[in-house]
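Visitor: Take any residue in the sequence shown, note its place counting from 1, add 19, and you have its number in the working numbering.
My questions all concern the structure below.
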Amino acid sequence: MLQFRKSDIFKRSRAWLDLFARSEEGSLLPMVAGSVLMLTGAAGLTVDGARAFYVKDVLQKSLDSAGLAAGHAMDVDTMEADAAEFFAANIAGTGATANSTDMTITISDDNELITLTASATVDTTFMSLFGFGEITVSASTEITRETRGMELVLVMDNTGSMRSSDKMETMQEAATDLIEVVYGDEETNTNLWVGVVPYITQVNVGNAHYNWLSDAGKDRVDNDYTGTAWKGCLEARAGGFDLTDTPPTVAPFEPYYWEDTDPFEATVWKWSRWSGWYEDTDTVDEDNNWYDDDTATTNINEENNRSSALGPNKGCGPQVTPLVAEKTTVLDAIDEMAPWSFGGTAGNYGLVWGWRVLSPQWRGLWNGSPADLPLDHDEPFMDKVIVMLTDGKNEFIDNDYAELGYSDYTSFGRLDDLGHDNKYDGRDDMDDRFDEICTNIKSDDIIIYTITFGSTPDEDTQDAYSACATNPSFYFHAPTAASLTEAFETIGRQLSNLRLSK
20 MLQFRKSDIF
30 KRSRAWLDLF
40 ARSEEGSLLP
50 MVAGSVLMLT
60 GAAGLTVDGA
70 RAFYVKDVLQ
80 KSLDSAGLAA
90 GHAMDVDTME
100 ADAAEFFAAN
110 IAGTGATANS
120 TDMTITISDD
130 NELITLTASA
140 TVDTTFMSLF
150 GFGEITVSAS
160 TEITRETRGM
170 ELVLVMDNTG
180 SMRSSDKMET
190 MQEAATDLIE
200 VVYGDEETNT
210 NLWVGVVPYI
220 TQVNVGNAHY
230 NWLSDAGKDR
240 VDNDYTGTAW
250 KGCLEARAGG
260 FDLTDTPPTV
270 APFEPYYWED
280 TDPFEATVWK
290 WSRWSGWYED
300 TDTVDEDNNW
310 YDDDTATTNI
320 NEENNRSSAL
330 GPNKGCGPQV
340 TPLVAEKTTV
350 LDAIDEMAPW
360 SFGGTAGNYG
370 LVWGWRVLSP
380 QWRGLWNGSP
390 ADLPLDHDEP
400 FMDKVIVMLT
410 DGKNEFIDND
420 YAELGYSDYT
430 SFGRLDDLGH
440 DNKYDGRDDM
450 DDRFDEICTN
460 IKSDDIIIYT
470 ITFGSTPDED
480 TQDAYSACAT
490 NPSFYFHAPT
500 AASLTEAFET
510 IGRQLSNLRL
520 SK
């Protein structure tokens, strides 16, 4: 407001007129002087008032900017510091002239209501003739911080290449930092749920989801002769269902089982990798020999990170953590990730499972997640977000043996199951699927952040991940550990800001 009254001006003007009237009784001079005085006062009010109103407008806009900056901060100290910085910068940037400006900020106990007030004094020109040397103007604003809800899924590369150069440890530390930023000091936050999807060319949903299998798939995992339990990896569904969030109630899955290679079986299954090389099918009798029957000895070693791994769960990595509220559960899932050899890299398969963790079509299907999650896409004040990382390009670990399917076993089978006899055609196939899945996810208004990490992702991979992100600024190429940490910190800050709206 402007702290002077028009009545004051007219009172002082009347006093001047009275003075002239007493000294020049009956003459024309008092009349002229009075008119000049009134015109001067009116002009002064217009000019000085306009300047004061301009300063008031600048004050209001600067307060609004400061309030929004404070509203996106996570703690009181940062709110106050950001508000002061933005207020001062906006005042200085306008060129408005004022003798002094003061701002105060008041924050409610729950940090939800921020009140800012400010005042400034403006020197007058014409109005000083009437004893008004300055005008005080003031403004105020209120910011109500409304916390938006979020369902967030981290889709993280757990392939064997993550073992090199401490990449796995770097990713875990950076992902942990992101979670700490999003959660703050709280174990849970209102309407915040986070999931973790580790991927290789397989995704492990956990054997608690046995009911997602087809009847034939259930028969396979129920076989008493395997000598070990099905871990929870699934084959990609045929018929285009690997590109969708269609639930298993509509299209059930087949279990991922790396084939037994016992040559004494009536049906000789395809061979798998052993000690880094391949042998002919008529000379090998214990390549990945795990099937427990009378013709051969079971040989199971489910190591996660060496080529000596054997057994039906070979290449089946860490389990998916569906949407949960507890920060500790999420951090444990990040800590349990590890590099898994075999198969290659299928970013498309990891991404589609990130989508399924967020899809309302899967509501109530995820063991360990609240039964009412995931929420609908149009839930008010809610966002669904995927953060996806890879350290390489889509590829199959290949070989030159037709009998071996030209590659390791994956969730898509082997290369020949897809109609390919080389890894380059296989990569093109997976890249096309990746692009289509990105499009499908974004059509559901799910926000996608993407990260390529290290020196392996080539230009085509970087372009694909950039195109997959919701917008170019949501894609990060992190060639070094330091740049990966910075990328996750940036995403964490953006996600925190996303949860706050004015």
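Backbone N, C-alpha and C define an ideal beta-carbon position, used for all residues, glycine too.
Remember, it's a predicted structure, so these values are computed and weren't measured experimentally.
Inspect the beta-carbon positions of glycine 168 and glutamate 478 and report whether they are closer than 9 Å.
Guide: Here residue 168 refers to the residue found at position 149 of the sequence shown. Here residue 478 refers to the residue found at position 459 of the sequence shown. Cβ distance not < 9 Å, so glycine 168 and glutamate 478 don't count as in contact.
Visitor: Check phenylalanine 431 in the structure and name its three-state DSSP category.
Guide: Translated into the one-based positions of the sequence shown, residue 431 becomes position 412. In this structure, phenylalanine 431 counts as coil in the three-state DSSP scheme.
Visitor: Alpha carbon to alpha carbon, how far is valine 215 from isoleucine 110?
Guide: If you number the sequence shown from 1, residue 215 lands on position 196. If you number the sequence shown from 1, residue 110 lands on position 91. Roughly 45 Å between the two C-alpha positions.
Visitor: Just the Cα atoms here: how many angstroms apart are methionine 407 and asparagine 516?
Guide: Here residue 407 refers to the residue found at position 388 of the sequence shown. Here residue 516 refers to the residue found at position 497 of the sequence shown. Distance between the alpha carbons of methionine 407 and asparagine 516 is about 19 Å.
Visitor: Return yes when the Cβ of glycine 90 is within less than 9 Å of the Cβ of tyrosine 218, no when it is not.
Guide: As a working mapping, residue 218 is identified with position 199 in the sequence shown. As a working mapping, residue 90 is identified with position 71 in the sequence shown. Not a contact, by the Cβ cut-off of 9 Å.
Visitor: Answer yes if the stretch 80 to 96 comes into contact with the stretch 119 to 126, meaning at least three C-beta pairs across the two stretches below 8 Å, and no otherwise.
Guide: yes
Visitor: In whole angstroms, what is the alpha-carbon distance linking glutamate 508 and aspartate 196?
Guide: For the purposes of this step, residue 508 is identified with residue 489 of the sequence shown, where counting begins at 1. For the purposes of this step, residue 196 is identified with residue 177 of the sequence shown, where counting begins at 1. Those two C-alpha atoms are separated by around 7 Å.
Visitor: Considering Cα atoms alone, identify which of Thr189, Ala88, Ala92 is closest to alanine 107.
Guide: In the sequence shown, counting from the first residue as 1, residue 107 sits at position 88. If we check each option's Cα against that of alanine 107, Ala88 comes out closest.
Visitor: Under the three-state reduction of DSSP, which class applies to tryptophan 277: helix, strand or coil?
Guide: The residue given as residue 277 occupies position 258 in the sequence shown. Correct three-state label for tryptophan 277: coil.
Visitor: On the CB-based measure, 16 or more other CB atoms within 10 Å of its CB, does asparagine 386 come out buried or exposed?
Guide: Numbered from its first residue, the sequence shown carries residue 386 at position 367. Result: exposed.
Visitor: If we call anything under 9 Å between Cβ atoms a contact, is aspartate 395 one with isoleucine 466?
Guide: On the sequence shown, residue 395 is found 376 positions in, with the first residue counted as 1. On the sequence shown, residue 466 is found 447 positions in, with the first residue counted as 1. No. Outside cutoff.
Visitor: If you draw a straight line from the alpha carbon of phenylalanine 272 to that of methionine 93, how long is it in whole angstroms?
Guide: Numbered from its first residue, the sequence shown carries residue 272 at position 253. Numbered from its first residue, the sequence shown carries residue 93 at position 74. In this structure, the straight-line span from the alpha carbon of phenylalanine 272 to that of methionine 93 is close to 43 Å.
Visitor: Using only the alpha-carbon positions, how far apart do threonine 220 and glutamate 104 sit?
Guide: In the sequence shown, the residue the question calls residue 220 occupies position 201. In the sequence shown, the residue the question calls residue 104 occupies position 85. Between threonine 220 and glutamate 104, the C-alpha separation is close to 49 Å.
Visitor: Expressed to the nearest angstrom, what Euclidean distance is found between the alpha-carbon atoms of alanine 488 and glutamate 199?
Guide: Sequence index remark: in the sequence shown, residue 488 carries index 469 (1-based). Sequence index remark: in the sequence shown, residue 199 carries index 180 (1-based). C-alpha separation (whole angstroms): 23 Å.
Visitor: Where do the ends of the alpha helix (DSSP H) carrying alanine 500 lie?
Guide: Here the question's residue 500 lines up with position 481 in the sequence shown. Its alpha helix (DSSP H) spans residues 500 to 517.
Visitor: If you run the structure through DSSP and keep just helix, strand and coil, what is isoleucine 522?
Guide: Examination of residue 522 is not possible in this model, given that the chain is present from 20 through 521 alone.
Visitor: With DSSP collapsed to three states, give me the class of histidine 91.
Guide: As a working mapping, residue 91 is identified with position 72 in the sequence shown. It is coil, neither helix nor strand.
Visitor: Using a 10 Å radius around the Cβ and a threshold of 16 neighbouring Cβ atoms, would you call alanine 285 buried or exposed?
Guide: Start at 1 with the first residue of the sequence shown, and residue 285 comes out as number 266. Only weak support is given to the placement of alanine 285: the predicted model assigns it a pLDDT of 35, under 50, and the value that follows is read from those uncertain coordinates. Exposed is the call here.
Visitor: Measuring only the C-alpha atoms, how far is lysine 346 from asparagine 208?
Guide: What you label residue 346 is simply residue 327 of the sequence shown in a count that begins at 1. What you label residue 208 is simply residue 189 of the sequence shown in a count that begins at 1. Rounded to whole angstroms, lysine 346 to asparagine 208 spans 9 Å at the Cα level.
Visitor: Using the C-alpha atoms, what's the distance from threonine 97 back to lysine 412?
Guide: Position 393 of the sequence shown, counting from 1, holds the residue named residue 412. Position 78 of the sequence shown, counting from 1, holds the residue named residue 97. In a straight line, the C-alpha of lysine 412 is about 40 Å away from that of threonine 97.
Visitor: If you drop the 5 nearest sequence neighbours on each side, which residues of the same chain put their C-beta closer than 6 Å to that of tyrosine 276?
Guide: Looking up residue 276 in the sequence shown gives position 257. The residues are Pro331.
Visitor: Do you know offhand how far valine 269's Cα is from serine 462's?
Guide: To locate residue 269, count along the sequence shown from 1; it is residue 250. To locate residue 462, count along the sequence shown from 1; it is residue 443. C-alpha separation (whole angstroms): 21 Å.
Visitor: Taking the DSSP output, what are the residues bridged to glutamate 414?
Guide: On the sequence shown, residue 414 is found 395 positions in, with the first residue counted as 1. Thr364.
Visitor: Excluding the 5 residues preceding and the 5 following threonine 134 in the sequence, name in chain order all residues of the same chain whose CB lies nearer than 6 Å to its CB.
Guide: Reading the sequence shown from its first residue, position 115 is the one you call residue 134. Contacts found: Thr125, Glu161.
Visitor: Which runs of the alpha helix (DSSP H) fall wholly inside the stretch 181 to 261 and span at least 4 residues, in chain order?
Guide: 186 to 202, 234 to 240
Visitor: With a 10 Å radius around its C-beta and 16 neighbouring C-beta atoms as the bar for buried, classify tyrosine 443 as buried or exposed.
Guide: Taking the sequence shown and counting its residues from 1, one reaches residue 443 at position 424. So tyrosine 443 ends up on the exposed side.
Visitor: For tyrosine 368 and alanine 255, what's the separation of their Cα atoms in angstroms?
Guide: Translated into positions along the sequence shown, residue 368 becomes position 349. Translated into positions along the sequence shown, residue 255 becomes position 236. For tyrosine 368 and alanine 255, the distance between alpha carbons rounds to 8 Å.
Visitor: Going by beta carbon distance, what residues of the same chain come within less than 8 Å of glutamine 235, once the five residues before and after it are set aside?
Guide: Position 216 of the sequence shown holds residue 235. Per the sequence shown, residue 235 should be read as alanine rather than glutamine. Excluding positions up to five away in sequence, the list reads Glu273.
Visitor: With a Cβ-Cβ cutoff of 9 Å, do phenylalanine 472 and threonine 409 count as a contact?
Guide: Counted from its first residue, the sequence shown places residue 472 at position 453. Counted from its first residue, the sequence shown places residue 409 at position 390. Contact: yes.
Visitor: Could you tell me how far apart the beta carbons of aspartate 451 and leucine 434 are, in whole angstroms, since I believe they sit closer than 8 Å?
Guide: Here residue 451 refers to the residue found at position 432 of the sequence shown. Here residue 434 refers to the residue found at position 415 of the sequence shown. At roughly 15 Å, the Cβ-Cβ gap does not stay under 8 Å, so aspartate 451 and leucine 434 are not in contact.
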